[in-house]
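Everything below concerns the one structure shown next.
Chains as they are written, first to last, in our numbering: chain A, 51 to 485; chain B, 51 to 485.
Laid out in structure tokens, this is it:
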């Protein structure tokens, strides 16, 4: 068995092999859905009482009262104090860069006045209150706290509520420190579907929010899908992916490590390299084989590369870019000279890493743009998390007397054609009243 | 029984009465879901063949072949020719205004260069292909075709595919004419869950799209929810709503007719007036009683106003605005002098109609802003349909050699704290390679 799949776009079986490689569907387990529905119903009916029960059951954490669901300021202070200085400094430096980029994304209100005095516009407002889900245990990533919380803060969200499970009562200090750095207002030690339900519907202790963001396991994803409509949610993410296009002039060890940096996330993660240089692909395969040995997460990397990784030979960079657009990857690394001149040809990608110095890992942590990105080809229709996701638009229409006559006459014709006579009469009153 | 409910914000029972009035939840019928799942599965497995079968069954339209699923250019030409000139002119005039407003919404790509030469940016691209669902029969609204199609066109979507069921083979000429005016590329005579499934997964005849927008019945809504993730969807809309805040100085007949213009949509539609002038509320009640008699859709209006309509007395305009923010209405009419000075106090509303000349009906048809708006309080976290919904963002990161050193050092600290060692090594290579 190869350590990573080898494909050639010129082979007759290429299309079906690629399709198989890219195929990923989340397992729709009705057992999960039933559990989640039960949990949500219990939280809606019994609030804090049910929340304490589920936390005792799923996280093996018995709390004396609902008040204890929230981290105290003193607890957070202590976690910050325990965080190494250089790590705290790195979190703060990353936060500055993430904020600076987010500031550029802010939507601003605008309006314009027409010749007859009618004003049209769009008013931008932040969401009132946002809930941020942070996984507990192994997959607790402080960088995720920054990436989810900072855009909300920059958008002007009034209150930012974080939930993070603490299995067996164990909290992650760095996650709490990241929450402090990002400006999270309140933190509750809850997780799973019960935390999502509490955020969506509110309990006596946990306030109801307007939108829930952040990654989670399959129960969390199912709960977010279930409460969608009552509140807003961010995307439901699939496994992480990287697609690298190289001309063959980047150090093969660098490329191998970039592939690993996705593969180490998850056995289902996807890492693909496309190059017109077949010999370069051989050299990368050699680097992969050699370097994987010393990787602390070698087992995960091996499984991911064997199941969902590939080195793909193509005719030229044009063909590589066409393939990239077809795949619509979460992360697209353009590791070749002059890549910046071909950006306009990239139609679908979550984030684009331009040139050989731009390791995807830099974007994951501190370049500035968000690391919450559309996966599984959804970059065809969706976007990175951003300030936009925490702002909303209201249309503004202010007709002058003259404007209401002109628009009213038009509206009467259209409303009557649709059989909506009250619409027509409502418009006609303004026409007649201003003539 | 009152023709419309009367509430006073000062009454002890007000909060619970308001809650009851606003309460609306779509009926989650498992029968509907089962039917929809079966239909989607059949379209995925048998494509056009299943599409023809469902169209024969649900729309009572037997087509000779899959080719006949598409309207021909000649059929559309004929529909346009049958459309009255003044109606065609009104559609075109409305389209010009909707386009002009949409142009202001277009997101533009941007980038900035940091001191060390690192470039960060955001690249905007349109969706490749969009599907527009248009209901058939009674609720076929040409204005909806314009409102859904034009923002997609302005965004630069390459292909716009419309589906519209033709029960018993009857097509709506004005809907086809509106599609022509809006620049729709292809139109298929299909509807229901089968049309949504065909757009999401594609058949030999109907191309797979990246996003599906447009209103539909409960089967269409359930199908959109089911294919969400495979493709993007717009919001799932509830019944239409209007909330009017008046100081009591607008003609009560105007206000009554504005309430009707929502109520006539649907027996579940919601029409609420809030005013600090109790005598004015009496006068509006009198107008409602008198004017409803001559309304062609009087029965629908009566049911909607009795079940979900209200005239609410408040202390002053401040209290009215606070209530409006709590309700987060789809349409908010501010029918009082100086309303434009209080816009910044409005935190949640789909569209705001400012001043007594701005009948909501003008916005429904031709003012310019979209009439597809968040309902049922979802204006707390979502926005009107717009060009944004047909564009997407890709983050751009291009590190200079120096930039990759600075960012790499930061990334190493953060990646190691998360136990992601390949991330750290990938960053470290750039640090070492550029020192």
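Note that the Cβ used here is the ideal one computed from N, Cα and C, for glycine as well.
All values derive from a computational prediction rather than experimental measurement.
- Residue-level contact check: residue 284 (chain A) does not touch chain B, since none of the beta carbons of chain B fall below 8 Å from its beta carbon.
- Residue 196 (chain A) sits in a helix when the DSSP states are folded into three classes.
- Annotation: Cβ neighbours of residue 308 (chain A) in chain B (cutoff 8 Å, chain order): 476.
- Pairing residue 199 (chain B) with residue 304 (chain A), the inter-Cα distance amounts to about 46 Å.
- Within the segment 245 to 270 of chain A, those residues whose Cβ lies closer than 7 Å to any Cβ of chain B are, in chain order, 260, 261.
- For residue 156 (chain B), no chain A residue has a C-beta closer than 7 Å to its own C-beta; the minimum C-beta separation is roughly 12 Å.
- Within the segment 354 to 392 of chain A, the runs of beta strand (DSSP E) that reach at least 3 residues and sit entirely inside it are, in chain order, 360 to 363, 381 to 385.
- In terms of Cβ geometry, residue 326 (chain A) and residue 280 (chain A) do not form a close pair [threshold 8 Å].
- No Cβ of chain B is located within less than 8 Å of the beta carbon of residue 149 (chain A).
- In this structure, B:261 is the residue among B:65, B:261, B:359 with its C-alpha nearest to the C-alpha of residue 208 (chain B).
- With contact defined as three or more Cβ pairs closer than 8 Å, the segment 171 to 185 of chain B and the segment 392 to 409 of chain B are not in contact.
- Sequence-distant Cβ neighbours of residue 196 (chain A) in its own chain, meaning closer than 8 Å and more than five residues away, are 141, 144, 145, 148, 228, 231, 232.
- Around residue 436 (chain A), the same chain offers 152, 155, 201, 420 as residues with beta carbons nearer than 8 Å, after the five sequence neighbours per side are excluded.
- Around the beta carbon of residue 111 (chain A), 16 or more other beta carbons sit within 10 angstroms, so the residue counts as buried.
- Ranked by how close their Cα comes to the Cα of residue 453 (chain B), the residues A:181, A:97, A:161, A:405 have A:405 in first place.
- Interface with chain A (8 Å Cβ-Cβ cutoff): residue 202 (chain B) is excluded.
- As the crow flies, the alpha-carbon of residue 485 (chain A) is around 16 Å from that of residue 301 (chain B).
- Comparing alpha-carbon positions, the option among A:127, A:248, A:235, A:103 lying closest to residue 94 (chain A) turns out to be A:248.
- Per DSSP, the continuous beta strand (DSSP E) segment holding residue 441 (chain A) begins and ends at 441 to 448.
- Just so you know, the alpha carbons of residue 442 (chain B) and residue 480 (chain A) end up roughly 39 Å apart.
- Contacts with chain B (Cβ-Cβ distance below 9 Å) from the segment 91 to 102 of chain A involve no residue at all.
- Taking 4 residues as the shortest admissible run, the segment 184 to 253 of chain B contains the following complete alpha helix (DSSP H) segments, listed from N- to C-terminal end: 192 to 205, 223 to 232, 242 to 251.
- Secondary structure of residue 470 (chain A) (DSSP, three-state): coil.
- With a threshold of 8 Å between beta carbons, residue 192 (chain A) makes contact with chain B.
- Here residue 109 (chain B) is buried: its Cβ has 16 or more other Cβ atoms, across all protein chains shown, within 10 Å.
- Residue 350 (chain B) is a Cβ neighbour of residue 317 (chain B), given a cutoff of 8 Å.
- Distance from the CA of residue 313 (chain A) to the CA of residue 407 (chain A), rounded to the nearest whole angstrom, comes to 20 Å.
- Taken through DSSP and simplified to helix, strand or coil, residue 182 (chain B) comes out as strand.
- Taking 8 Å as the CB threshold, residue 414 (chain B) lines the interface with chain A.
- Under a criterion of Cβ atoms nearer than 8 Å, no residue of chain A is adjacent to residue 132 (chain B); the nearest Cβ is some 13 Å distant.
- The alpha-carbon of residue 394 (chain B) is positioned some 39 Å away from that of residue 246 (chain B).
- Between residue 450 (chain A) and residue 166 (chain A) a beta carbon distance of about 5 Å is seen, short of the 8 Å cut, so the two are scored as contacting.
- Beta-bridge annotation (DSSP): residue 293 (chain A) is paired with A:322, A:382.
- Chain-ordered, the chain A residues with CB closer than 8 Å to the CB of residue 397 (chain B) read 175, 178.
- No Cβ of chain A is located within less than 8 Å of the beta carbon of residue 146 (chain B).
- If you check the CB distance, residue 457 (chain B) and residue 389 (chain A) do not come in under 8 Å.
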